[in-house]
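The block underneath contains the structure these notes are about, expressed in structure tokens.
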Amino acid sequence: MEMSLSSNKKNIKTQDNFVYQLLCFLALAISLMSTINALGLLNSNVLSAIQAMVVVTIYSLVIILRKKIRIISLILIIMSYITLVLNNAPYMISVTMLIMITDIIGYFPNIDYKKILGIFFTSSLLLFCSIVVLYYLFNFNNHDVEMWRIDKIIHRKSLGFIHPNIASMIWVSIFFAYCGLVGQKYSRFKYLLIAFLSLVILNQTQSRTSMYVLITISFIYIVLGKNIDKAMSKNFSWIIYFIPILLTVLSIYVLFTPINNVLNELLSGRIQLYQSFYQEYGIHLLKTSELESAMFDNGYLQALLAKGILFLIELLIVYLYILKSYSVYTVKQWILFIGYFAMGFTETALQHFELILPILMITAINDETLSNHK
1 MEMSLSSNKK NIKTQDNFVY QLLCFLALAI SLMSTINALG LLNSNVLSAI QAMVVVTIYS
61 LVIILRKKIR IISLILIIMS YITLVLNNAP YMISVTMLIM ITDIIGYFPN IDYKKILGIF
121 FTSSLLLFCS IVVLYYLFNF NNHDVEMWRI DKIIHRKSLG FIHPNIASMI WVSIFFAYCG
181 LVGQKYSRFK YLLIAFLSLV ILNQTQSRTS MYVLITISFI YIVLGKNIDK AMSKNFSWII
241 YFIPILLTVL SIYVLFTPIN NVLNELLSGR IQLYQSFYQE YGIHLLKTSE LESAMFDNGY
301 LQALLAKGIL FLIELLIVYL YILKSYSVYT VKQWILFIGY FAMGFTETAL QHFELILPIL
361 MITAINDETL SNHK
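Going by UniProt numbering, the residue at position 11 of the sequence shown is 11; the numbering climbs one at a time, nothing skipped.
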């Protein structure tokens, strides 16, 4: 009996070690591929295909190890595949990958996710800093933009990436990972430091929304101090489930409300642009090919207008699945999720794996927050 228990523990430890190595590889792969994609040096479809193969392969290995799959996961994956086929859009596998990444992390709560998060953070930061240094020293991959905003022309630096907004998204992923690594010692100073650096990025890229969100998160953490690591009150934690739906409703409302000139100008004409998309192409069950490459700065409207009602519903269901995978949130985790969904309102950030991966790992660091996957 004792030998059987010992053998079982050894098998579990072996499995955990194997999955730990797989997740380290996944963290490095997502960090590297998101950076390569942000540089525009390789076709994005090729990178997406490689990323999908990596995630699907790791997920398959995890399922083989566990020898079972959750029914709800299987249903969502099938639903995602049907949506992909009906739209004839291979890139829509991104939703399937969200499900798989959530399950991979959730199935193995005893893994040291803080170390994996550290690997992701170190890799992403080194790549980001190297590119920025090359940009300033050698004008590497310069895609600076000049644009009219409110009442003046502004100069937006790309920092070596294909667009200033893309540079900001890479910084957001670094910020999220950093938050997961900050302990209680000198935490206020550490959050003040990352807020200052985010302010520098804002000054260079002029990417307002994403940097405002990061700076706001930082100062909330500074004010709350050690309280951010406490469990969120159940009276408030449920609110997180409705945030993506609320932001979707607000985004759709923008399509039908009379244009507020002040707000439209503040958002660089985005409201007028979205309404013109809606008036010209309408809303359809499946994708609208003409809008697939259109300029959107709202992830919810991009999902609806460009990819269709079916895709948007599927995306919201998957995010509800992700959020329901955890029964308890710390204040830190709760605020990060709110920030992530808020960015989707003025950025196309909802399917960036380099953003969601660190948040999922932060939520998994304390295995007491895991519920459904245990």
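All residues carry an ideal CB built from backbone N, CA and C; glycine is no exception.
Using three-state DSSP, classify Y186 as helix, strand or coil.
DSSP places Y186 outside both helix and strand once states are collapsed to three, so it counts as coil.
Provide the residue span of the alpha helix (DSSP H) that contains W148, from first to last.
Taken as a continuous stretch (DSSP letters only), W148 belongs to no alpha helix (DSSP H), being part of the beta strand (DSSP E) at V145 to R149.
Which runs of the beta strand (DSSP E) spanning at least 3 residues fall entirely within the segment 83-170, listed in chain order?
Listed in chain order, the complete beta strand (DSSP E) runs (minimum 3 residues) inside the segment 83-170 are 145-149 and 152-156.
Can you give me the C-alpha to C-alpha distance between L193 and I228, rounded to a whole angstrom?
For L193 and I228, the distance between alpha carbons rounds to 17 angstroms.
Keeping to the same chain, check which residues put their C-beta closer than 7 angstroms to that of P358; ignore five residues upstream and five downstream.
Close CB contacts of P358 within its chain, under the 7 angstroms cut and outside five residues either way in sequence, are with L117, F120, S173, F176, A177 and G180 (chain order).
Leaving out the 5 sequence neighbours to the left and right, which residues in its chain are closer than 7 angstroms to L286 when beta-carbon positions are compared?
Beyond the five residues adjoining it in sequence on each side, L286 comes within less than 7 angstroms, by CB distance, of L86, N87, G308 and L310 in the same chain, given in chain order.
Taking DSSP as the reference, what is the three-state secondary structure of T248?
In the three-state scheme derived from DSSP, where H, G and I count as helix and E and B as strand, T248 is classed as helix.
If you draw a straight line from the alpha carbon of I111 to that of V182, how long is it in whole angstroms?
I111 and V182: Cα-Cα distance of roughly 19 angstroms.
Secondary structure of A231, DSSP reduced to three states:
In the three-state reduction of the DSSP assignment, A231 falls in the strand class.
Taking DSSP as the reference, what is the three-state secondary structure of K374?
The pLDDT assigned to K374 is 41, lower than 50, so where the model puts this residue is not dependable; a value taken from the coordinates is nonetheless given after this. For K374, the three-state secondary structure derived from DSSP is coil.
Is the beta carbon of I99 sitting closer than 8 angstroms to the one on L76?
Their beta carbons are under 8 angstroms apart, which means I99 touches L76 by this criterion.
Inter-residue Cα distance where the pair is I58 and Y91
Straight-line Cα distance between these residues: approximately 19 angstroms.
For a test of the three-state rule: what should DSSP assign to T330, helix, strand or coil?
Reduced to three states, the DSSP call for T330 is strand.
Would Q333 be called buried (16 or more neighbouring beta carbons within 10 Å of its own) or exposed?
Buried.
Within this structure, are the beta carbons of L301 and Y274 separated by less than 8 angstroms?
Going by C-beta atoms, L301 is nearer than 8 angstroms to Y274.
On the criterion of 16 or more Cβ atoms from any shown chain inside 10 Å, does T369 qualify as buried, or is it exposed?
Confidence is the limiting factor: at T369 the pLDDT is only 44, short of 50, which leaves the residue's position unreliable, though a coordinate-based value still follows. Buried, by the Cβ-count rule.
Throw me the rounded Cβ distance for the Y186 and I222 pair, which I believe falls under 8 angstroms.
Contact doesn't hold; Cβ gap of about 12 angstroms is too wide.
Do you know how far the Cα of I220 is from the Cα of M147?
Between the alpha carbons of M147 and I220 lies a distance of about 32 angstroms.
DSSP three-state call for A294: helix, strand or coil?
A294: coil per DSSP, three-state reduction.
Cα separation between W197 and V262?
According to the sequence shown, residue 197 is Leu rather than Trp. Here the alpha carbons of V262 and L197 stand approximately 30 angstroms from one another.
Spatially closest choice to L84 from L266, Y319, V331 and L312, by CA coordinates:
For L84, the nearest C-alpha among the options comes from L312.
Determine, using beta carbons only, whether I271 and L304 come nearer to each other than 8 angstroms.
Their beta carbons are not under 8 angstroms apart, which means I271 does not touch L304 by this criterion.
Write down the C-beta distance between G225 and R188 rounded to the nearest angstrom, noting that I regard them as a contact closer than 8 angstroms.
So it is a contact: roughly 6 angstroms between Cβ atoms.
Compute the Euclidean distance between the alpha carbons of N17 and I105, then round it to the nearest angstrom.
Pairing N17 with I105, the inter-Cα distance amounts to about 13 angstroms.
Beta-carbon separation (whole angstroms), I335 vs I217, contact threshold 8 angstroms
Contact flag correct, Cβ pair sits at about 6 angstroms.
Quick one: using the 10 Å Cβ neighbour count with 16 as the cut-off for buried, is Q204 buried or exposed?
Taking all protein chains in view, the Cβ of Q204 is crowded by 16 or more other Cβ atoms within 10 Å, so the residue is classified as buried.
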